[in-house]
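Novice: Residue numbers are given in my numbering: position 112 of the sequence shown equals residue 109, and the series is strictly consecutive.
Every residue, glycine too, gets a C-beta built ideally from N, C-alpha and C.
Quick caveat: nothing in here was measured; it's all calculated off a predicted structure.
Before we start, here is the structure in question, set down as structure tokens.
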Amino acid sequence: IKFKTFNDISSFAWNKSTITTWLTACILLYASDLICILANIYGLCKSQPLWMIPKLILTLLIILIGFISTCVMGFLIWNESYLLRLLFADKQYIEYYTKKSTMLLIGGGIFLGCFFVSVLQCLSLKVLLNCFEYVQEIHIEKLTDKINRQEQLLIKQQQQQYENNCLSKEMVSMDEIAMIVITSAHPNNVGNLNLFPQKPILFHTMEYTGEHATVTELVNRPYRKLTENIEIWKTPGRTQQSLSVLVHNVEEYGTIGVVGDLIPTENYIISKVLFVWDSLIRRQNSNLIICLADWIIPGYGHPFRVLPRYRQRAGCTRLLAQRKAAGKM
């Protein structure tokens, strides 16, 4: 049996159709690989894992082709297949056994080449998968942050809408609110402060605006005058930090006292209430507000007028005289 061969060992001739097919396949493969590498680099730089998927798929494809080629070449060599002889082409024919060793050598080289390419691609795939997982984690973090920002924006918009609806029911706009006064630090008295993040909040002797806090004149004085007609008084008793607001010259009402839990209801004036920080100091401060105000807005219930008998019970004449003498008025 005679087959096509080459003139010498170092210069054998491939079949033209075979070499054209292999060259075309290699060019397409490397062009695709270059495009995938560029996409992979872009995905790494921009933390976009989807751009890295084509390179992963192509690497898997190369591994598959490499292992298939390795197996096929191993099978051909093991069985001394006739297809190996077709790899050589020349115008002359020689005996098969003359070129057997050369064909086995070339086939073995191709076998080892395919095997090592497959192994290298497997290592490359492992690195790519690690990079993909890392980029995916970063991408998920960015998406989570974006979703959180959108949720916070939505919550803020809902709060703003709720705030506007609540204020509109009272015929008050946000621009008309200059300060928030905490009359008591108990949880039921400090709700919805988050609706007023940019407004100064007065609590005890401190004034808070956002993350900043300043000490006010209340640290050394019994009251602080906010405007010509509005005063903040320290009225501890219910809690040690309780405050009350006096608003003077209100049309048809005179002076109104906003007292929170200092005077929870009108019945408190004629009753004895326990379970407070200091019942004696509370009674003294509630008597003071009764003496200074014409109307009182209590912590619970409806506003009520300060009747003469309330003033008499509070001992207003003596109390006011004592405070004036002590320089506290």
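Quick one: what's residue 231 bridged to in DSSP?
Specialist: As a first step, residue 231 must be located in the sequence shown, where it is residue number 234. BP columns for residue 231 point to 240.
Novice: Mind checking residue 172: buried by the 16 CB within 10 Å criterion, or exposed?
Specialist: The count along the sequence shown starts at 1 and reaches residue 172 at position 175. Classification of residue 172: exposed, given that the 10 Å Cβ count is below 16.
Novice: Looking only at its chain, what residues have a beta carbon closer than 7 Å to the beta carbon of residue 238, apart from the 5 residues adjacent to it on each side?
Specialist: Here residue 238 corresponds to residue number 241 of the sequence shown, with the count starting at 1. Cβ within range, chain order: 182, 200 and 201.
Novice: Please state whether DSSP places residue 218 in a helix, a strand or coil.
Specialist: For this step, residue 218 is matched to residue 221 along the sequence shown. Coil.
Novice: If you draw a straight line from the C-alpha of residue 67 to the C-alpha of residue 48, how long is it?
Specialist: Counted from its first residue, the sequence shown places residue 67 at position 70. Counted from its first residue, the sequence shown places residue 48 at position 51. If you take the alpha carbons of residue 67 and residue 48, they lie about 30 Å apart.
Novice: Hey, would you say residue 44 sits closer than 8 Å to residue 132, going by beta carbons?
Specialist: Along the sequence shown, read from residue 1 onward, the residue named residue 44 stands at position 47. Along the sequence shown, read from residue 1 onward, the residue named residue 132 stands at position 135. The answer is yes: Cβ separation under 8 Å.
Novice: Taking residue 308 as the reference, give the member of 298, 184, 111 and 292 with the closest Cα.
Specialist: By 1-based counting over the sequence shown, the position of residue 308 is 311. Looking at the Cα atoms, 292 is the closest of the given residues.
Novice: Near residue 184, what residues of its chain come up, given a Cβ to Cβ distance below 7 Å and the 5 sequence neighbours on each side ignored?
Specialist: As a first step, residue 184 is located in the sequence shown; it is residue number 187 there, counting from the start. Cβ within range, chain order: n/a, list empty.
Novice: Any contact of the stretch 248 to 265 with the stretch 288 to 303, i.e. 3+ C-beta pairs under 8 Å?
Specialist: Touching, yes.
Novice: DSSP three-state label for residue 175, please.
Specialist: On the sequence shown, position 178 is the one that residue 175 refers to. If DSSP states are grouped into helix, strand and coil, residue 175 belongs with coil.
Novice: Counting C-beta neighbours from all protein chains within 10 Å, is the total for residue 19 16 or more, i.e. buried, or is it exposed?
Specialist: Numbered from its first residue, the sequence shown carries residue 19 at position 22. The residue in question, residue 19, is exposed, as its Cβ has fewer than 16 Cβ neighbours within 10 Å.
Novice: Could you tell me the alpha carbon to alpha carbon distance between residue 301 and residue 247, rounded to whole angstroms?
Specialist: Taking the first residue of the sequence shown as 1, we reach residue 301 at position 304. Taking the first residue of the sequence shown as 1, we reach residue 247 at position 250. Cα to Cα, residue 301 sits roughly 15 Å from residue 247.
Novice: When DSSP builds the beta bridges, which residues end up paired with residue 295?
Specialist: Residue mapping note: residue 295 aligns to position 298 of the sequence shown, counting from 1. DSSP output for residue 295 lists 257 as bridge partner(s).
Novice: Would you tell me roughly how many angstroms separate the C-alpha atoms of residue 313 and residue 288, rounded to the nearest one?
Specialist: Taking the sequence shown and counting its residues from 1, one reaches residue 313 at position 316. Taking the sequence shown and counting its residues from 1, one reaches residue 288 at position 291. Rounded to whole angstroms, residue 313 to residue 288 spans 5 Å at the Cα level.
Novice: I need the boundaries of the beta strand (DSSP E) containing residue 182, first residue and last residue.
Specialist: Within the sequence shown, numbered from 1, the residue matching residue 182 stands at position 185. Taken as a continuous stretch (DSSP letters only), residue 182 belongs to no beta strand (DSSP E), as it is neither H nor E.
Novice: Opposite residue 49 in the DSSP bridges: which residues?
Specialist: As a working note, residue 49 is residue 52 in the sequence shown. BP columns for residue 49 are empty, so no partner.
Novice: Taking residue 266 and residue 232 to be in contact with their CB atoms under 8 Å, please state how far apart those CB atoms are, rounded to whole angstroms.
Specialist: Taking the sequence shown and counting its residues from 1, one reaches residue 266 at position 269. Taking the sequence shown and counting its residues from 1, one reaches residue 232 at position 235. 15 Å between Cβ atoms; not a contact.
Novice: How many whole angstroms separate the CB atoms of residue 63 and residue 111, which I take to be in contact at a CB cut-off of 8 Å?
Specialist: For the purposes of this step, residue 63 is taken as residue 66 along the sequence shown, with counting starting at 1. For the purposes of this step, residue 111 is taken as residue 114 along the sequence shown, with counting starting at 1. The Cβ separation is near 5 Å, so the contact holds.
Novice: Residue 302 bridges to which residues according to DSSP?
Specialist: For the purposes of this step, residue 302 is taken as residue 305 along the sequence shown, with counting starting at 1. Bridge partners of residue 302: 292.
Novice: Under 8 Å between the Cβ atoms of residue 36 and residue 46?
Specialist: Position 39 of the sequence shown, counting from 1, holds the residue named residue 36. Position 49 of the sequence shown, counting from 1, holds the residue named residue 46. Contact: no.
Novice: Given a cut-off of 8 Å, decide if residue 290 and residue 254 are closer than it, judged by their beta-carbon atoms.
Specialist: Position 257 of the sequence shown, counted from the first residue, corresponds to residue 254. Position 293 of the sequence shown, counted from the first residue, corresponds to residue 290. The answer is yes: Cβ separation under 8 Å.
Novice: With a 10 Å radius around its C-beta and 16 neighbouring C-beta atoms as the bar for buried, classify residue 34 as buried or exposed.
Specialist: Counting from one through the sequence shown, the residue named residue 34 turns up at place 37. Label assigned to residue 34: exposed.
Novice: Mind checking residue 306: buried by the 16 CB within 10 Å criterion, or exposed?
Specialist: Locating residue 306 in the sequence shown gives position 309, counting from the first residue. Classification for residue 306: exposed.
Novice: Can you look up residue 106 in the DSSP assignment and give me helix, strand or coil?
Specialist: Sequence index remark: in the sequence shown, residue 106 carries index 109 (1-based). Helix at residue 106.
Novice: Note the first and the last residue of the continuous beta strand (DSSP E) segment covering residue 201.
Specialist: As a position in the sequence shown, residue 201 is number 204, starting the count at 1. From DSSP, residue 201 is part of no beta strand (DSSP E); its letter is neither H nor E.
Novice: In this structure, what does DSSP give as the bridge partners for residue 318?
Specialist: One-based indexing of the sequence shown puts residue 318 at position 321. Answer is none; residue 318 lacks a bridge partner.
Novice: Measure the beta-carbon distance from residue 60 to residue 118 and round it to whole angstroms, keeping in mind my assumption that it falls under 8 Å.
Specialist: Here residue 60 is taken as the residue at index 63 of the sequence shown, counted from 1. Here residue 118 is taken as the residue at index 121 of the sequence shown, counted from 1. Right, their Cβ atoms sit about 5 Å apart.
Novice: Tell me the DSSP bridge mates of residue 28?
Specialist: By one-based count along the sequence shown, residue 28 stands at place 31. Looking at the DSSP assignment, residue 28 forms no beta bridge with any residue, so it has no partner.
Novice: Check each candidate in 141, 236 and 224 and name the one with the smallest Cα separation from residue 245.
Specialist: Translated into the one-based positions of the sequence shown, residue 245 becomes position 248. Of the candidates 141, 236 and 224, the one whose C-alpha sits nearest the C-alpha of residue 245 is 224.
Novice: Closer than 6 Å by C-beta to residue 135: which residues in its own chain qualify, once you throw out the five before and the five after it? Chain order, please.
Specialist: Position 138 of the sequence shown, counted from the start, is the residue given in the question as residue 135. Closer than 6 Å at Cβ, skipping near neighbours: 44.
Novice: Cβ atoms of residue 215 and residue 228: under 8 Å apart, would you say?
Specialist: Taking the sequence shown and counting its residues from 1, the one referred to as residue 228 is at position 231. Taking the sequence shown and counting its residues from 1, the one referred to as residue 215 is at position 218. Not in contact: residue 228 and residue 215 (Cβ atoms no closer than 8 Å).
Novice: In the DSSP assignment, what are the bridge partners of residue 210?
Specialist: The residue you call residue 210 lines up with position 213 of the sequence shown. For residue 210, which the question treats as bridged, DSSP gives the partners 205.
Novice: Go through its chain and collect everything with a Cβ distance to residue 70's Cβ below 8 Å, but skip five positions before and after it.
Specialist: Residue mapping note: residue 70 aligns to position 73 of the sequence shown, counting from 1. Once the five neighbours on either side are set aside, the close Cβ partners of residue 70 are 104, 107, 108 and 111.
Novice: Near residue 122, what residues of its chain come up, given a Cβ to Cβ distance below 8 Å and the 5 sequence neighbours on each side ignored?
Specialist: Sequence index remark: in the sequence shown, residue 122 carries index 125 (1-based). Hits under 8 Å: 53, 56, 57 and 60.
Novice: Taking the straight line between their C-alpha atoms, what separation do you get for residue 137 and residue 148?
Specialist: For the purposes of this step, residue 137 is taken as residue 140 along the sequence shown, with counting starting at 1. For the purposes of this step, residue 148 is taken as residue 151 along the sequence shown, with counting starting at 1. So the alpha carbons of these two residues sit roughly 16 Å apart.
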